[in-house]
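Residue numbers (the working numbering): 680 to 812.
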Amino acid sequence: MGLDGIPLTGAEAEFGLLFHMQNSRVRPRRSDPPELWTTPEDLGYSPDEAGFEKMAEGLRLYMQNPAYMKEHFPNAARRIRHAVNRDPGLNRIIQFNELGAPLGVAGGLGASGLALRDRNREDAKGPRRKDRR
């Protein structure tokens, strides 16, 4: 069982690897065999708390980098999305989308150009000094 009753069913291995990748004291590799993975129990959590910790790490990673989560841990991402998006207490606060909303090349270039243009304007004025108004 995972965070707030979210089962890890169907994604146990992904949640285990995810926990290992996020919490290993050495540089972890995706190719590390499961018997070498860092587990919640290795960090002092009881077996009853292990599922909660794995789910908490999954949520943390998903909120930090959704694209990485979807690419490297797709079943875990799907499990989290399904549970969070269907929970009326959570889906008003956070929403996990199946696919991101890409800006596209034109949108991305336009946004970056706007940011650079504003920055250049600020640089031309120079830094603000407290003794000047």
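No residue lacks a Cβ here, since even glycine has one placed at the ideal position from N, Cα and C.
Can you tell me whether residue i is buried or exposed, with buried defined as 16 or more other CB within 10 angstroms of its CB?
i    : result
L687 : buried
L722 : exposed
L697 : buried
E693 : buried
H761 : exposed
G695 : buried
Y741 : buried
Below 8 Å on the Cβ atoms is my guess for residue i versus residue j; work out the distance and round it to an integer in Å.
i    : j    : result
A729 : P745 : Between P745 and A729 the Cβ distance is about 24 Å, and since that is not below 8 Å, they are no contact.
N770 : N764 : 5 Å
I685 : R758 : 7 Å
Between which two residues does the alpha helix (DSSP H) carrying residue i extend?
i    : result
L722 : Segment: none, L722 is in no alpha helix (DSSP H) and carries neither H nor E.
N754 : P753 to R765
G695 : E691 to N702
Apart from the five residues on each side of it in sequence, which residues of its chain come closer than 6 Å, Cβ to Cβ, to residue i?
i    : result
T717 : H699, N702 and S703
Y724 : E732
G713 : Correcting the residue identity first, residue 713 is Pro in this sequence and not Gly. For P713, where only same-chain residues beyond five positions count, there are no Cβ hits under 6 Å.
Cutting at 7 Å between CB atoms, please list the residues of its own chain near residue i, excluding the five before and the five after it.
i    : result
Q774 : N764
So, for residue i: in the same chain, excluding its five sequence neighbours on each side, which residues have a beta-carbon less than 8 Å away from its beta-carbon?
i    : result
P726 : E720
Stretch pair the region 729-741 + the region 751-764: three plus CB contacts closer than 8 Å: yes
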